[in-house]
Amino acid sequence: MKKYLAMILALVMALSLVACGDKKDDSADNSDGDTASGRVYWLNFKPEADETLQKVAAMYTEKTGVPVTVVTAASGTYNETLTAEMDKSAPPTLFVVGNQAAVGTWGDYCYDLSGTAVANELNTDAYNLYDADGKLCSIGYCYECYGIIVNEDLLEKAGYTLGDITNFETLKAVAEDIHARASELGFDAFTSSSMSDDSSWRFTGHLANLEYYYESVDDPDAWKECPSSIKGTYMQNYKNLWDLYINNSAVNPADLAAGGFDAADEFGKEQAVFYQNGSWEWAKLTGTGDGQYGLDNLSMIPFYCGVAGEENAGLNCGTENCWAVNAKASEEDIQATLEFMNWMVTDPEVSRMLVDEFAAMPYKQAAESTNGFLADANDYTTNGNYIMPWVTNFQPNVDAYRAALVSAMNQYDADQSDANWELVKTAFVDGWATQYAAANG
Amino acid sequence: MKHKHSNAAVNSSMIRRPIRRWFPLFMGPMVCAFIIGFVYPFCKGIYLSFCKFKVTSDAHFVGLENYRRAFQDASFVHSFWFTALFAVISLVLINVLAFAVAYALTQGIKGSNLYRTVFFMPNLIGGIVLGYIWSMIFDGILSRYGTSILLNTKLGFWGLIILMCWQQIGYMMIIYIAGLQAVPEDMLEAAKIDGASRWQTLWKVTIPNVMPSITICTFLSLTNGFKLFDQNLALTGGQPYTILSDGSSIKTTEMLALNILNTFYGQNANSRGTAQAKAVLFFILVATIGLLQLSANRKKEVQQ
Chain A
2 MKKYLAMILA LVMALSLVAC GDKKDDSADN SDGDTASGRV YWLNFKPEAD ETLQKVAAMY
62 TEKTGVPVTV VTAASGTYNE TLTAEMDKSA PPTLFVVGNQ AAVGTWGDYC YDLSGTAVAN
122 ELNTDAYNLY DADGKLCSIG YCYECYGIIV NEDLLEKAGY TLGDITNFET LKAVAEDIHA
182 RASELGFDAF TSSSMSDDSS WRFTGHLANL EYYYESVDDP DAWKECPSSI KGTYMQNYKN
242 LWDLYINNSA VNPADLAAGG FDAADEFGKE QAVFYQNGSW EWAKLTGTGD GQYGLDNLSM
302 IPFYCGVAGE ENAGLNCGTE NCWAVNAKAS EEDIQATLEF MNWMVTDPEV SRMLVDEFAA
362 MPYKQAAEST NGFLADANDY TTNGNYIMPW VTNFQPNVDA YRAALVSAMN QYDADQSDAN
422 WELVKTAFVD GWATQYAAAN G
Chain B
9 MKHKHSNAAV NSSMIRRPIR RWFPLFMGPM VCAFIIGFVY PFCKGIYLSF CKFKVTSDAH
69 FVGLENYRRA FQDASFVHSF WFTALFAVIS LVLINVLAFA VAYALTQGIK GSNLYRTVFF
129 MPNLIGGIVL GYIWSMIFDG ILSRYGTSIL LNTKLGFWGL IILMCWQQIG YMMIIYIAGL
189 QAVPEDMLEA AKIDGASRWQ TLWKVTIPNV MPSITICTFL SLTNGFKLFD QNLALTGGQP
249 YTILSDGSSI KTTEMLALNI LNTFYGQNAN SRGTAQAKAV LFFILVATIG LLQLSANRKK
309 EVQQ
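Protein chains in written order, with this note's numbering: chain A, 2 to 442; chain B, 9 to 312.
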């Protein structure tokens, strides 16, 4: 009896190993389907877009027979997933290289896209990334904008209109008044500014853009590519807005470090008038589906931070969503991928689906955007206001740089002293040079 | 006589031949799993520590360059000392407390089994989950004092110690209970008859007899302390940082394993190789300390 038991156990062990070994990659499976016309493997960066992209992939396969695999990396793990996937025998042919830092890391893997059909469809060069030798490494496939989202209904309840806010002075006056009357009004000025990983990028990434942007306006030559150091000329303006955020919300600033707040939910439930975020929040805030808030009177205003002439500011427009084609893939796969990309930006039906998902795509034949925040961005531009591009994308060694900034800002939030702000400044300004040296050393 | 008989049976060719014939079936899967899951990655890891690479299949040999960078990295040195301090303190606390609990629970108190189960249970929860749960507990208390576990290195350190004690004491307790139950009754009785006090009995009879348990427990808690990763990541993630005047920062509660991970995903072209070199150094360190400690303890063990 024991002998049989032992044999069965050994068999189970052996089988489980065989079973493990048998499991193949989806992408690998596809590769032997139709080798003549190549294959496409898109490692997607945006988890929320996965459902749409799977449909798009299926449509293309049905139409042309070219196998298209879309794999989505879990939120916040794109870098890790890309590193692992690139190692496999069937690596991604289409992946995301969204900032200068990524160009530094993955530049060798980027196929030169200049002159390709899809690159010729672009209606702007603003969202393209080049390496030091001028190779076109990646091209934007959608663009976004961020700023301060305003709930106009609540603003009106507090006795103001959007027209009352034209610069930092007026924004501050409105916010402080609303905060002072929060218990009477039933809502506060700003949503929480949580510093946990799911939210800190709004401040160490997006809000920081105002500092870099105005610095780059002063010295455009230095900012043509990633500067090795920055001056911090507009740190005071960064501080202006940050102080306004943390001291005019329902959350005690000292609690921000620990996180655990959901600013989108606070805003969706009309607990605050102002919420710093981007155009990607449009569907969630205005939609009426599951998990959406159905707000209808929203606008986005620029980062008013006390810089001279900021009455003419517009929104922060840019992207971190740029397609790169794997130069180390086979020639067939590269061609298949380029054709697939071109199809996505020229086919009216697919373009409609993608624009509904991504908000807007910078291509000549792309469908019209329905995103209200992007419409706001366009209105600012047509009124002659200046766009603030995403200079933030230059941040060197971005994860380490932002992590240090988060730590310094946490110290400051708990105790808003000048000494602690000096630490934030050090992390912000000197940290740039240090991380630049670390990344390029 | 019986002993001899069974030996003879095992040695007989009637039994040995089938064993020999079936050996690959029994050992094969394990050997394969070991090679695939351990030997191959381990060897490749050592090779990669001498390489510059982004993906492991595309590496270029650069010699000792990565090791030079690893030793020059101030954050690595800091995390080493932080880890060493953590390992020593957690080693002492965990073992003293686990032994005390085990001792108390072998005195025949009512409900001992229930207590043993309760003490053991924290060990069944994964490190990441534990880290987040404890960060909520700590911050729930600390926010009353306007601070957070993320704002103070000392709080972060002791937070990690408390977390580790809470998780590990139950596990070590089980090992100590097994050891305590194996202490021969007649020895304890002899001590009693000779007029030894409870204290003397504990030190002169019980502890020397549970030395094998102490060896294994100190080995486990020391290496666990050095290898700690999940709890560190979830509880403090290295915060707070000391921002140095040149803008560089040191993650004051970052332990070795987390330092290696953070290095690996840095942006520098050499960062992956450097992290790999750190990982090899880390292995040598943990293995050396573990072996030294094992051999030192073994000398103190008594034969029953």
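We put the beta carbon where it would ideally sit given N, CA and C, even for glycine.
Computed from a prediction, not measured in an experiment: that's the story for all the values here.
As assigned by DSSP and simplified to three states, the class of residue i
i: residue 298 of chain B; result: helix
i: residue 280 of chain A; result: helix
i: residue 23 of chain A; result: Here residue 23 of chain A scores only 42 on pLDDT, less than 50, and its place in the model is too uncertain to base an answer on.
i: residue 171 of chain A; result: helix
i: residue 226 of chain A; result: coil
i: residue 133 of chain B; result: coil
i: residue 252 of chain A; result: coil
i: residue 314 of chain A; result: strand
i: residue 394 of chain A; result: helix
i: residue 218 of chain B; result: coil
i: residue 140 of chain A; result: strand
i: residue 233 of chain B; result: helix
i: residue 387 of chain A; result: strand
i: residue 288 of chain A; result: coil
i: residue 354 of chain A; result: helix
i: residue 231 of chain A; result: coil
Nearest to residue i (by Cα), restricted to the options the options
i: residue 1 of chain A; options: A:41, A:40, A:49 and A:38; result: Absent from the model: residue 1 of chain A. The displayed extent of chain A is 2 to 442, so no value can be given.
i: residue 249 of chain A; options: A:242, A:190 and A:294; result: A:190
i: residue 263 of chain B; options: B:168, B:105 and B:74; result: B:168
i: residue 58 of chain B; options: B:147, B:283 and B:137; result: B:283
i: residue 142 of chain B; options: B:36, B:209 and B:242; result: B:242
i: residue 472 of chain A; options: A:52, A:66, A:53 and A:47; result: As displayed, chain A neither begins before 2 nor continues past 442, which places residue 472 of chain A out of reach and without an answer.
i: residue 251 of chain B; options: B:123, B:189 and B:159; result: B:159
i: residue 366 of chain A; options: A:374, A:76 and A:356; result: A:356
i: residue 72 of chain A; options: A:64, A:87 and A:376; result: A:87
i: residue 379 of chain A; options: A:146, A:70, A:118 and A:82; result: A:146
i: residue 295 of chain B; options: B:234, B:117 and B:123; result: B:234
i: residue 1 of chain A; options: B:194, B:35 and B:154; result: Past the edges of chain A, shown from 2 to 442, lies residue 1 of chain A, and the structure says nothing about it.
i: residue 197 of chain A; options: A:115, A:437 and A:260; result: A:260
i: residue 301 of chain B; options: B:274, B:207, B:231 and B:29; result: B:231
CB contact check: residue i to chain B, cutoff 8 Å
i: residue 106 of chain A; result: yes
i: residue 415 of chain A; result: yes
i: residue 139 of chain A; result: no
i: residue 236 of chain A; result: no
Heavy atom of the ligand FMN within 7 Å of residue i beta-carbon
i: residue 262 of chain B; result: With respect to small molecules bound, the structure shown includes none, and the ligand FMN cannot be examined in it.
Alpha helix (DSSP H) segment containing residue i, residue limits
i: residue 333 of chain A; result: 332-347
i: residue 61 of chain A; result: 51-65
i: residue 266 of chain A; result: 264-269
i: residue 374 of chain A; result: 373-383
i: residue 272 of chain B; result: 264-272
i: residue 196 of chain A; result: Where residue 196 of chain A is concerned, there is no enclosing alpha helix (DSSP H), given that its DSSP letter is neither H nor E.
Limits of the unbroken beta strand (DSSP E) element including residue i
i: residue 45 of chain A; result: 41-45
i: residue 249 of chain B; result: 249-251
i: residue 324 of chain A; result: 323-326
i: residue 127 of chain B; result: Segment 120-128 is the alpha helix (DSSP H) holding residue 127 of chain B; no beta strand (DSSP E) there.
i: residue 152 of chain A; result: 145-152
i: residue 257 of chain B; result: 257-259
i: residue 69 of chain A; result: 69-73
Neighbour flag for residue i against chain A, beta carbons, 8 Å
i: residue 1 of chain B; result: Coverage of chain B is limited to positions 9 through 312, which leaves residue 1 of chain B absent and any answer about it impossible.
i: residue 223 of chain B; result: no
i: residue 251 of chain B; result: yes
i: residue 64 of chain B; result: yes
i: residue 48 of chain B; result: no
i: residue 256 of chain B; result: yes
i: residue 240 of chain B; result: no
i: residue 273 of chain B; result: yes
i: residue 205 of chain B; result: no
i: residue 276 of chain B; result: yes
i: residue 248 of chain B; result: yes
i: residue 151 of chain B; result: yes
i: residue 158 of chain B; result: yes
i: residue 25 of chain B; result: no
i: residue 202 of chain B; result: no
i: residue 147 of chain B; result: yes
Considering only residues of the stretch 34-102 of chain B, which uninterrupted alpha helix (DSSP H) runs meet the minimum length of 4 residues and lie entirely inside it, listed in chain order? 48-56 and 73-80
In chain order, which continuous runs of the alpha helix (DSSP H) of length 4 or greater are located wholly inside the stretch 142-202 of chain B? 161-189 and 193-201
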